[in-house]
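Student: Reminder that position 253 of the sequence shown reads as 253 in the UniProt record's numbering, one-by-one numbering, no gaps.
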Amino acid sequence: MTLAINFPTARTADPSESTVPTVVGARLTVPLLDGRKVGYANLDHAASAPCLDAVRDAVDELLPWYASVHRGAGFASQVCTRVYGQARDTLRRFVGARATDAVVFTRNTTDSLNLLARALPKGTSVVLFDTEHHAALLPWRGPRVQRIETPANADATIAALDTALRACPVGPRLVVLTAASNVTGEVWPIAELAKVARRHGARVVLDAAQLAPHRPVDIRALDVDYVVLSGHKLYAPYGAGALIGRSDWLQAAEPYLVGGGATRQVVDWGDHLGVSWTAVPERHEAGSPNVVGVHALAVACETLSQCWDDIAAHERTLLRRLRQGLAGIPGLRVLELFGPAQDRVGVVSFSVDGLDAGLTAAVLSAEHGIGVRDGAFCAHLATRRLLDRSGADQQRAVRASLGLGSTAEHVDRLVAALRSLAADGPAFTYTQVDGRWVPADDARPLPSFLREVS
Numbered sequence: 001m002t003l004a005i006n007f008p009t010a011r012t013a014d015p016s017e018s019t020v021p022t023v024v025g026a027r028l029t030v031p032l033l034d035g036r037k038v039g040y041a042n043l044d045h046a047a048s049a050p051c052l053d054a055v056r057d058a059v060d061e062l063l064p065w066y067a068s069v070h071r072g073a074g075f076a077s078q079v080c081t082r083v084y085g086q087a088r089d090t091l092r093r094f095v096g097a098r099a100t101d102a103v104v105f106t107r108n109t110t111d112s113l114n115l116l117a118r119a120l121p122k123g124t125s126v127v128l129f130d131t132e133h134h135a136a137l138l139p140w141r142g143p144r145v146q147r148i149e150t151p152a153n154a155d156a157t158i159a160a161l162d163t164a165l166r167a168c169p170v171g172p173r174l175v176v177l178t179a180a181s182n183v184t185g186e187v188w189p190i191a192e193l194a195k196v197a198r199r200h201g202a203r204v205v206l207d208a209a210q211l212a213p214h215r216p217v218d219i220r221a222l223d224v225d226y227v228v229l230s231g232h233k234l235y236a237p238y239g240a241g242a243l244i245g246r247s248d249w250l251q252a253a254e255p256y257l258v259g260g261g262a263t264r265q266v267v268d269w270g271d272h273l274g275v276s277w278t279a280v281p282e283r284h285e286a287g288s289p290n291v292v293g294v295h296a297l298a299v300a301c302e303t304l305s306q307c308w309d310d311i312a313a314h315e316r317t318l319l320r321r322l323r324q325g326l327a328g329i330p331g332l333r334v335l336e337l338f339g340p341a342q343d344r345v346g347v348v349s350f351s352v353d354g355l356d357a358g359l360t361a362a363v364l365s366a367e368h369g370i371g372v373r374d375g376a377f378c379a380h381l382a383t384r385r386l387l388d389r390s391g392a393d394q395q396r397a398v399r400a401s402l403g404l405g406s407t408a409e410h411v412d413r414l415v416a417a418l419r420s421l422a423a424d425g426p427a428f429t430y431t432q433v434d435g436r437w438v439p440a441d442d443a444r445p446l447p448s449f450l451r452e453v454s
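(1) Here's a check: name, in chain order, each residue in its chain whose Cβ is nearer than 8 Å to the Cβ of residue 490, leaving out the five neighbours to either side.
(2) Taking the DSSP output, what are the residues bridged to I370?
(3) Mind checking if L206 is an interface residue toward chain D, Cβ cutoff 8 Å exclusive?
(4) Between the alpha carbons of A197 and R203, how many angstroms are there, rounded?
(5) Just to confirm my understanding: we take N6, look at its own chain, exclude 5 residues before and 5 after, and list those with CB closer than 6 Å. What are they?
(6) Pull up the CB-CB distance for F428 and V398, whole angstroms please, since I reckon it's below 8 Å.
(7) Quick one: what's S125 bridged to in DSSP?
(8) Ends of the alpha helix (DSSP H) at L402?
(9) Going straight from the alpha carbon of T9 to that of L52, what length do you get?
(10) Quick one: grab the DSSP three-state call for Q324.
(11) With a CB to CB cut of under 7 Å and the five nearest residues on each side skipped, what residues in its chain are close to V23?
(12) Should G72 and H214 be called a contact, given that it needs their Cβ atoms to be closer than 8 Å?
(13) How far does the alpha helix (DSSP H) with I219 in it extend, from its first residue to its last?
(14) Could you give the C-beta distance for A164 and I148, rounded to a whole number, given that I count them as a contact under 8 Å?
(15) Across the segment 131-149 and the segment 314-329, are there enough close Cβ pairs to call them in contact, namely three or more that are closer than 8 Å?
(16) Which residue spans inside the segment 213-271 form an unbroken beta strand (DSSP E) run of at least 3?
(17) When DSSP builds the beta bridges, which residues end up paired with A180?
(18) Excluding the five sequence neighbours on either side, which residues of its own chain have a C-beta within less than 8 Å of the C-beta of R436, listed in chain order?
(19) Near L322, what residues of its chain come up, given a Cβ to Cβ distance below 8 Å and the 5 sequence neighbours on each side ignored?
(20) Could you check the C-alpha separation between G231 and V334 for me, to the nearest Å?
(21) DSSP three-state call for F7: helix, strand or coil?
(22) Run the CB neighbour count on F449, radius 10 Å, all protein chains shown included, and call it buried at 16 or more, exposed below.
Okay, here's the thing in structure tokens:
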């Protein structure tokens, strides 16, 4: 029993570019302060990517069949249970997982890393770089956590990890690695760092949230133990993520959440309840499974897997265009961990001398129809250190991030808008409300589905 799933592809807005999967909202228009409407230039893919057309179609196909998973005898329930199980197989293929690896569905990368942190054996030493995103930086607590300040180049990172692992006490060890920086887009030397971890008997968890939408991720080729990822960054914004990797620590741990699905049996022993837990992966998936989100994630992974070469070519062309354009703007400073020669995905963070990052983002949106991110990107330590290293006069940055919905026109519009802003400042007046810059007089109409609640 299967559901037919189609994976359509189409040309991007620029016909000279490669064929890549299309996204919902590609023709979205937004109002500007001067009364015009323009096509929305979504350059905020690193925060949340738009939905693939293939994902929307697959979800629409599933919804009439929506029912409970695992414990229902009805035909629709059997269909959803099969869909849920097939999604595990798809995720396993997507990351090249071993046959014995568990695939645990979660809400997102943050949820996955917190789950793994709760499952660590007692006395586990954890080593990580302090440039990690907060989802990878904060779940690990206690005296056996070592945070390494990121060195200035990739080779020094390897030496720093080796030194840190040598200092670890006897016992289990876990190294936490980012695959690609959400601040700079730079791809870390994952395989080389994993080799260092292996020499010291350490396991490795790879935060692939920023890499998986852009490049293939292979657990076995990289020789890591766990991979975590998020659907909302993989063009499947339906609330699902995954933790994929070795099952022994997860099997030995108490459930991350307790409730239906995680329990094999509950009995009344008078003064307390006796509980036996199910095996992994259900052990850590208590509650009614998000079958729609999981199906969406699986379809996105399957769709991307069919056209990695086209995706890479599309993003590489746009990234080169973006970096060349930004290089010509006076006072603009690009943030980098390891330097311009480092391999990277389509993420560029920068500051502009004399321009507040929040004001820059507000002007780009209100006057040019461009969506970017401003702030410290939930990587406060990394962003502030890189701003200081660049000589910026700011404590926050602007981030432009490319993806399947990006076009050459979006890139050119951003570069032109930044050049104009750096030279002449905003064309309208802005004020701060609750710490955010907004137009002082904003009469732009909201979409009709937004209704005021009385």
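Positions of the beta carbon are idealized from the N, C-alpha and C atoms, including for glycine.
Tutor: Here's the rundown:
(1) Missing from the structure shown is residue 490; the chain here goes from 1 to 454 and no further.
(2) By 1-based counting over the sequence shown, the position of residue 370 is 370. According to DSSP, I370 bridges with A41.
(3) Absent from the structure is chain D; it holds one protein chain and no more.
(4) Start at 1 with the first residue of the sequence shown, and residue 197 comes out as number 197. Start at 1 with the first residue of the sequence shown, and residue 203 comes out as number 203. Cα to Cα, A197 sits roughly 7 Å from R203.
(5) As a first step, residue 6 must be located in the sequence shown, where it is residue number 6. Note that N6 scores 41 on pLDDT, short of 50, meaning its location in the model is unreliable and no value can be drawn from it.
(6) Within the sequence shown, the letter at position 428 stands for residue 428. Within the sequence shown, the letter at position 398 stands for residue 398. Actually they do not touch by this definition, with Cβ atoms about 18 Å apart.
(7) In the sequence shown, the residue the question calls residue 125 occupies position 125. Paired residue(s): R173.
(8) Working through the sequence shown from its first residue, we reach residue 402 at position 402. Counting along the chain, L402 falls outside any alpha helix (DSSP H), and DSSP gives it neither H nor E.
(9) Translated into the one-based positions of the sequence shown, residue 9 becomes position 9. Translated into the one-based positions of the sequence shown, residue 52 becomes position 52. Here T9 scores only 40 on pLDDT, less than 50, and its place in the model is too uncertain to base an answer on.
(10) Taking the first residue of the sequence shown as position 1, residue 324 is located at position 324. DSSP places Q324 in helix when its eight states are reduced to three.
(11) Along the sequence shown, read from residue 1 onward, the residue named residue 23 stands at position 23. If we look at V23 and ignore the five residues flanking it on each side, its Cβ neighbours are P50, C51, L52, D53, Y235, L404 and G405.
(12) Mapped onto the sequence shown, residue 72 falls at position 72. Mapped onto the sequence shown, residue 214 falls at position 214. Not in contact: G72 and H214 (Cβ atoms no closer than 8 Å).
(13) Taking the first residue of the sequence shown as 1, we reach residue 219 at position 219. Counting along the chain, the alpha helix (DSSP H) containing I219 begins and ends at I219 to L222.
(14) Indexing the sequence shown from 1 puts residue 164 at position 164. Indexing the sequence shown from 1 puts residue 148 at position 148. About 5 Å; that satisfies the 8 Å criterion.
(15) no
(16) 226-230, 241-245 and 263-268
(17) In the sequence shown, counting from the first residue as 1, residue 180 sits at position 180. For A180, which the question treats as bridged, DSSP gives the partners V187.
(18) Counting from one through the sequence shown, the residue named residue 436 turns up at place 436. Closer than 8 Å at the Cβ level, and outside the excluded window around R436, lie G358 and A362.
(19) Translated into the one-based positions of the sequence shown, residue 322 becomes position 322. So the list reads G346, V348, A400, L402, V411, L414 and V415, once near-sequence residues are dropped.
(20) Working through the sequence shown from its first residue, we reach residue 231 at position 231. Working through the sequence shown from its first residue, we reach residue 334 at position 334. Distance between the alpha carbons of G231 and V334: 28 Å.
(21) Numbered from 1 along the sequence shown, position 7 holds the residue referred to as residue 7. Residue placement at F7 cannot be trusted, given a pLDDT of 36 that sits under 50; the coordinates are not used to answer.
(22) Against the sequence shown, residue 449 aligns to sequence position 449. Its Cβ having fewer than 16 others within 10 Å, F449 is exposed.
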